[in-house]
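Here is the structure we will look at.
There are 2 protein chains.
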Amino acid sequence: MARNRKIYLREDEMPRQWYNLAADLKTPPYMSPDGAVPPEAWAPVFPMNLVEQEYSTERWIDIPEGVMELLTRWRPSPLHRAYDLEEALGTPARIYYKNESLSPAGSHKPNTAVTQAWYNKEFGIKRLTTETGAGQWGSALSFACSLIGLECKVFMVRISFDQKPFRKLMMQTWGGICVASPSNETQAGKAILEKDPDTPGSLGIAISEAIEQAVTDKSGQTRYSLGSVTNFVCLHQTVIGLETKKQLEKAGEKKVDIVIGCAGGGSNFAGLSFPFLYDKMNGADIDIIPVEPSSCPTMTRGPYVYDNGDTAEMVPLVAMYSLGHKFIPPPIHAGGLRYHGMSPLVSKAIKDGLMSPLALHQLECYKAGILFSKTEGIIPAPETTHAIAATIREANKAKEEGKEKVIVFNFSGHGLMDLAGYDKYLAGELTDYELPDEVIRENLKVIENYPKP
Amino acid sequence: MARNRKIYLREDEMPRQWYNLAADLKTPPYMSPDGAVPPEAWAPVFPMNLVEQEYSTERWIDIPEGVMELLTRWRPSPLHRAYDLEEALGTPARIYYKNESLSPAGSHKPNTAVTQAWYNKEFGIKRLTTETGAGQWGSALSFACSLIGLECKVFMVRISFDQKPFRKLMMQTWGGICVASPSNETQAGKAILEKDPDTPGSLGIAISEAIEQAVTDKSGQTRYSLGSVTNFVCLHQTVIGLETKKQLEKAGEKKVDIVIGCAGGGSNFAGLSFPFLYDKMNGADIDIIPVEPSSCPTMTRGPYVYDNGDTAEMVPLVAMYSLGHKFIPPPIHAGGLRYHGMSPLVSKAIKDGLMSPLALHQLECYKAGILFSKTEGIIPAPETTHAIAATIREANKAKEEGKEKVIVFNFSGHGLMDLAGYDKYLAGELTDYELPDEVIRENLKVIENYPKP
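Chains A and B, in that order, are what the protein sequence lines are. Count along the first sequence from 1, add 24, and you get the number used in the numbering used here. Count along the second sequence from 1, add 24, and you get the number used in the numbering used here.
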């Protein structure tokens with residue numbers, strides 16, 4: 025027992041402030057066709073206390089006592105040293121992973137879910153609407169609303185709704201209401217269903233439905249909640265990286281070489297990486313790698329443009345890497361990585377050359393997930409396997425170079441609700457899919473006439 | 025943040041010895057029709073290093089370094105103070121729960137799974153067979169075998185196999201092989217299927233199949249692994265209670281009033297309660313409550329008898345509370361509590377008046393599970409809801425009496441793989457079932473002529 029597998033923090037060692045990357049990175053403003061969009065324009069969508077965070081350029085923002093109280097339900101999360109994965113790879117690299125899978129919803133998502141629920145309740149809101157891809161966000165928000173006493177309505181991308189019935193049951197158990205998207209409950213949903221009744225749906229469509237239900241509630245007591253992409257979500261998730269830095273210090277690590285996370289909308293990746301990016305901007309030599317699926321290659325093959333975050337064009341334009349807001353990715357199992365865009369903060373950091381995005385095919389990722397399950401023992405979510413596969417690549421590179429690198433990745437969620445994907449992989453039923461250039465070109469036509477960042 | 029929700033231990037604070045209740049409690053010996061069964065008789069079933077533990081009356085048994093190394097994959101587990109459940113109940117009781125749901129398999133089962141895998145490997149065994157009810161044990165053993173490099177074959181009770189396909193996928197992901205029981209792979213299975221092709225199966229039948237495959241392997245490199253009932257399983261699980269005692273001390277609790285666990289074969293209950301029972305036998309005033317489902321009321325309505333642990337009568341007779349080894353309980357969702365017998369150590373402690381068993385109906389338990397999900401935030405396994413419902417009863421009693429009691433229960437596993445039961449409960453499709461006296465009488469006829477303890 026000379027070695028410790030897990031590095032814990034006590035509750036009183038948790039960070040008391042979030043790190044706001046917007047203080048150190050100049051992102052282009054939200055836009056309408058007429059120009060920059062002021063905070064007030066968001067009032068029907070988000071409560072104003074969260075909108076203030078969205079526009080804030082304060083570097084450190086206090087975490088309210090009430091939010092701390094909610095976070096301590098399951099935080100701080102342990103940092104693991106992946107001794108057995110290292111051994112299996114025969115790498116001189118020291119691999120650490122931040123275990124965000126131990127939350128009651130099984131992923132990092134509750135970090136911002138309970139925070140948003142708390143701010144909404146403070147603002148007098150009674151009901152939240154949202155969308156969900158793989159179901160992790162929908163269950164996280166149902167969990168959060170249940171704890172704090174808000175109603176919760178979730179639009180779940182149809183392909184995931186059908187593939188993952190247990191996610192719906194999870195939301196129900198916490199008292200949330202879950203419907204398949206596109207649905208007949210909104211104008212946005214009906215319009216899509218009329219054109220394509222068999223659509224697998226997409227995050228963009230589901231977002232439009234959720235926003236529509238929030239802004240059209242005449243009581244004014246409904247708001248929309250978003251699980252990724254926005255600045256305030258990235259902000260809330262920085263507890264991950266801030267804890268990790270303290271834990272690496274406890275483990276005696278003086279320097280981190282590589283920081284890795286999977287990125288769909290960007291939130292778990294931002295949560296781990298932004299505090300390290302702060303160090304990088306202050307001179308530290310760190311390679312920061314967001315990993316996406318090759319079938320939805322937003323960061324690696326999309327341009328940096330102004331685009332809508334939602335399919336129905338209801339919200340302001342945002343500067344980000346995007347495949348176009350009408351893009352519907354093929355139905356791979358990593359549902360949480362099927363978003364057409366990318367967090368504006370993550371996008372700007374990439375644009376500024378501060379990060380090294382990577383796209384991986386799903387077979388390599390599932391293979392990595394199986395190796396991780398059999399060595400470290402925890403079955404990763406399909407999304408998380410992208411971070412693991414990238415970590416394995418870097419660990420093998422360190423082996424070739426004979427270098428003792430320190431690699432940290434975010435174990436964003438467990439795969440216990442996503443085993444059907446593993447089943448198909450083990451049965452040899454999955455294949456890789458390379459998105460053709462012309463599909464990307466075609467999808468980008470919709471934003472041809474938008475302003476350029 | 026004046027209050028801590030979770031009490032952690034460091035890895036170096038983990039217990040280094042198991043507590044063996046057999047040192048303090050005289051249990052009747054294993055029997056054959058000819059008399060007491062010596063340790064050697066078990067040689068084809070278990071490796072002799074585990075058989076030695078089964079017969080040991082040493083009070084404290086060292087945990088080998090190699091087992092410690094495996095346990096630290098996820099241990100020590102946190103002890104939670106259930107502030108929000110207390111508040112919802114308005115009780116003056118202080119409620120704590122030991123969170124065993126954070127293991128990679130989602131329950132307490134890996135505590136003995138990795139330990140048995142380690143002892144088998146030490147003994148030169150290459151392959152383990154086992155049975156599983158709800159699937160928690162089968163996935164725990166697959167996990168353990170995967171970490172340590174053993175083959176794993178699991179016979180899963182058919183009713184659960186059909187209701188819980190994801191458990192099978194979990195085993196597969198860790199490399200285990202899972203078949204529905206009764207199967208056509210064994211004589212025991214074939215015999216049952218011939219008589220009743222539509223049987224839902226039972227733990228007793230599945231045990232018989234797993235044992236048959238182990239003892240009939242002519243290479244001598246296969247053994248059977250059991251997830252509950254035996255003395256050595258209870259022994260391995262005492263890390264739960266030993267950690268809990270240290271954590272309660274850290275929380276400033278000088279006295280524990282009530283200790284609660286659900287009991288199917290008895291292992292999670294034994295693991296939490298035996299270290300407290302040691303205190304009780306040394307003068308402490310503690311009420312210790314094992315909780316079972318009313319549909320399988322082994323402890324509350326079964327007699328204390330000699331009976332077989334398995335349906336096919338392949339293993340020696342053991343003194344325990346039992347409903348008869350041919351008893352097949354109705355298919356309630358708490359599959360892990362559907363065993364006809366009870367751990368000999370737990371049984372003897374009850375017989376000696378040291379424990380107060382309780383039987384509960386499933387509607388009360390699911391209701392408790394929903395309340396727990398919405399207050400504490402974690403969705404409990406259906407088995408675990410029995411412990412929660414009993415805790416709520418005791419907390420309400422403390423409220424009526426106006427007493428500040430300290431209640432500790434074992435949160436043995438999460439319910440993320442068992443959401444279909446919650447779905448049926450929420451849809452109003454579940455009913456309670458009272459087992460008729462004549463069914464019990466009928467089932468006990470099979471052991472009429474057995475020796476009496």
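Quick reminder that beta carbons are idealized off the backbone N, C-alpha and C, glycines included.
Nearest to residue 461(B) by CA position, among 319(B), 343(B), 392(B), 442(B), is which residue? Reading the second sequence from its first residue, position 437 is the one you call residue 461(B). Residue 461(B) has its Cα closest to that of 319(B), out of 319(B), 343(B), 392(B), 442(B).
Spatial neighbours of residue 119(B) within its chain, please: C-beta separation below 7 Å, excluding the five flanking residues on both sides. Residue mapping note: residue 119(B) aligns to position 95 of the second sequence, counting from 1. Closer than 7 Å at Cβ, skipping near neighbours: 106, 109, 110, 415, 419, 431.
I'd like to know if residue 35(B) contacts chain A, where contact means its C-beta is closer than 8 Å to some C-beta of that chain. Reading the second sequence from its first residue, position 11 is the one you call residue 35(B). At least one CB atom of chain A sits nearer than 8 Å to the CB of residue 35(B).
I need the boundaries of the alpha helix (DSSP H) containing residue 412(A), first residue and last residue. Sequence index remark: in the first sequence, residue 412(A) carries index 388 (1-based). For residue 412(A), the enclosing alpha helix (DSSP H) starts and ends at 406-425.
Taking DSSP's pairing of strands, which residues face residue 135(A) in a bridge? For the purposes of this step, residue 135(A) is identified with residue 111 of the first sequence, where counting begins at 1. Within the DSSP bridge table, the entry for residue 135(A) names no partner.
Which residues of chain A have a Cβ atom closer than 8 Å to the Cβ of residue 419(B), listed in chain order? The residue labelled residue 419(B) in the question sits at position 395 within the second sequence. Under the 8 Å cutoff, chain A gives no residues; its nearest Cβ is about 19 Å from residue 419(B).
Proximity to residue 196(B) [Cα-Cα], best of 466(A), 454(A), 449(A), 306(A): Walking along the second sequence from the start, residue 196(B) turns up at place 172. If we check each option's Cα against that of residue 196(B), 449(A) comes out closest.
The region 443-472 of chain B: which residues have C-beta closer than 8 Å to a C-beta of chain A, in chain order? Shown in chain order are the members of the region 443-472 of chain B whose Cβ falls below 8 Å from a Cβ of chain A: 443, 444, 446, 447, 450.
I need the straight-line Cα distance from residue 268(A) to residue 122(A), nearest angstrom please. In the first sequence, residue 268(A) corresponds to position 244, counting from 1. In the first sequence, residue 122(A) corresponds to position 98, counting from 1. If you take the alpha carbons of residue 268(A) and residue 122(A), they lie about 7 Å apart.
Cross-chain neighbours of residue 434(A) in chain B, by beta carbon under 8 Å: Within the first sequence, numbered from 1, the residue matching residue 434(A) stands at position 410. The contacting residues do not exist; residue 434(A) stays about 17 Å from chain B at best.
Per DSSP, residue 283(A) is paired with what? Within the first sequence, the letter at position 259 stands for residue 283(A). Residue pairing by DSSP puts residue 283(A) in a beta bridge opposite 312(A), 432(A).
Beta-carbon spacing of residue 340(A), residue 75(A) below 8 Å: If you number the first sequence from 1, residue 340(A) lands on position 316. If you number the first sequence from 1, residue 75(A) lands on position 51. Contact flag unset, no.
The alpha helix (DSSP H) spanning residue 103(B) covers which residue range? Locating residue 103(B) in the second sequence gives position 79, where the first residue counts as 1. Taken as a continuous stretch (DSSP letters only), residue 103(B) belongs to no alpha helix (DSSP H), being part of the beta strand (DSSP E) at 103-105.
Along chain A, which residues have their Cβ under 9 Å away from the Cβ of residue 196(B)? Stepping through the second sequence from its first residue, residue 196(B) is reached at position 172. Neighbourhood of residue 196(B) in chain A, by CB distance below 9 Å: 443, 446, 447, 450, in chain order.
Going along chain B, which residues have a C-beta under 8 Å from residue 170(A)? By 1-based counting over the first sequence, the position of residue 170(A) is 146. 397, 398, 401, listed in chain order.
In whole angstroms, what is the alpha-carbon distance linking residue 364(B) and residue 317(B)? Your numbering for residue 364(B) matches position 340 in the second sequence. Your numbering for residue 317(B) matches position 293 in the second sequence. Approximately 12 Å between the Cα atoms of the pair.
My guess is that residue 226(B) and residue 181(B) are in contact by the Cβ rule of under 8 Å, so how many angstroms apart are they, rounded? Counted from its first residue, the second sequence places residue 226(B) at position 202. Counted from its first residue, the second sequence places residue 181(B) at position 157. Confirmed, about 6 Å.
Report yes or no: do three or more beta-carbon pairs, one from the region 68-87 of chain B and one from the region 246-256 of chain B, lie closer than 8 Å? Judged by pairs of C-beta atoms under 8 Å, the region 68-87 of chain B touches the region 246-256 of chain B, as three or more such pairs exist.
Within 8 Å of any Cβ in chain B, is that where the Cβ of residue 70(A) sits? If you number the first sequence from 1, residue 70(A) lands on position 46. Cβ-Cβ to chain B under 8 Å: no for residue 70(A).
If you draw a straight line from the C-alpha of residue 148(A) to the C-alpha of residue 263(A), how long is it? To locate residue 148(A), count along the first sequence from 1; it is residue 124. To locate residue 263(A), count along the first sequence from 1; it is residue 239. Each residue's CA atom was taken as its position, placing residue 148(A) and residue 263(A) some 26 Å apart.
Start and end residues, beta strand (DSSP E) containing residue 330(B): In the second sequence, counting from the first residue as 1, residue 330(B) sits at position 306. Where residue 330(B) is concerned, the enclosing beta strand (DSSP E) stretches over 328-332.
Nearest-angstrom Cα separation, counted from residue 203(B) out to residue 442(A): In the first sequence, counting from the first residue as 1, residue 442(A) sits at position 418. In the second sequence, counting from the first residue as 1, residue 203(B) sits at position 179. Approximately 21 Å between the Cα atoms of the pair.
Expressed to the nearest angstrom, what Euclidean distance is found between the alpha-carbon atoms of residue 374(A) and residue 49(A)? Numbered from 1 along the first sequence, position 350 holds the residue referred to as residue 374(A). Numbered from 1 along the first sequence, position 25 holds the residue referred to as residue 49(A). When rounded, the distance between both Cα atoms is 11 Å.
Would you kindly report the start and end of the unbroken beta strand (DSSP E) that includes residue 337(A)? Residue numbering aside, residue 337(A) sits at position 313 when the first sequence is read from its first letter. From DSSP, residue 337(A) is part of no beta strand (DSSP E); its letter is neither H nor E.
Please work out which residues of its chain come closer than 6 Å, Cβ to Cβ, to residue 192(A), disregarding the five sequence neighbours upstream and downstream, and give them in chain order. Numbered from 1 along the first sequence, position 168 holds the residue referred to as residue 192(A). When the five nearest sequence neighbours on each side are left out, the beta carbons in the same chain lying within less than 6 Å of the beta carbon of residue 192(A) are those of 202, in order along the chain.
Residue of 92(A), 336(A), 124(A) minimising C-alpha distance to residue 478(A): Because residue 478(A) is not part of the residues shown, which for chain A are 25 to 477, the question remains open.
Beta strand (DSSP E) segments (min. 3 residues) lying fully within the region 112-186 of chain B: Fully enclosed beta strand (DSSP E) runs of 3 or longer: 118-123, 151-156, 175-181.
Just curious, the alpha helix (DSSP H) that residue 77(B) is in, first and last residue? Residue mapping note: residue 77(B) aligns to position 53 of the second sequence, counting from 1. 72-79 is the span of the alpha helix (DSSP H), which, as asked, contains residue 77(B).
Is DSSP giving residue 274(B) helix, strand or coil here? If you number the second sequence from 1, residue 274(B) lands on position 250. Looking at residue 274(B) - three-state DSSP - the assignment turns out to be helix.
N-terminal and C-terminal residue of the beta strand (DSSP E) that residue 205(B) is part of: On the second sequence, position 181 is the one that residue 205(B) refers to. Counting along the chain, the beta strand (DSSP E) containing residue 205(B) begins and ends at 201-205.
How should residue 458(A) be labelled, buried or exposed, when 16 other C-beta atoms within 10 angstroms of its C-beta is the threshold for buried? For this step, residue 458(A) is matched to residue 434 along the first sequence. Exposed, because fewer than 16 other Cβ atoms sit within 10 Å of the Cβ of residue 458(A).
Helix or strand or just coil, what does DSSP make of residue 438(B)? Within the second sequence, residue 438(B) is the residue found at index 414, counting from 1. Here DSSP, grouped into helix, strand and coil, assigns residue 438(B) to strand.
Report the option in 161(B), 391(B), 413(B) whose CA atom is closest to the CA atom of residue 446(B). Start at 1 with the first residue of the second sequence, and residue 446(B) comes out as number 422. Cα-wise, what sits closest to residue 446(B) is 391(B).
Determine the DSSP secondary structure at residue 247(A), reduced to helix, strand or coil. As a working note, residue 247(A) is residue 223 in the first sequence. In the structure shown, residue 247(A) falls within a strand segment according to DSSP collapsed to helix, strand and coil.
For the region 186-210 of chain A, which residues have a CB atom closer than 7 Å to at least one CB atom of chain B, in sequence order? Answer in chain order: 190, 193, 194, 196, 197, 198, 199.
Does the Cβ of residue 128(B) have 16 or more other Cβ atoms within 10 Å, making it buried, or fewer, making it exposed? The residue given as residue 128(B) occupies position 104 in the second sequence. It is buried - the Cβ of residue 128(B) has at least 16 other Cβ atoms within 10 Å.
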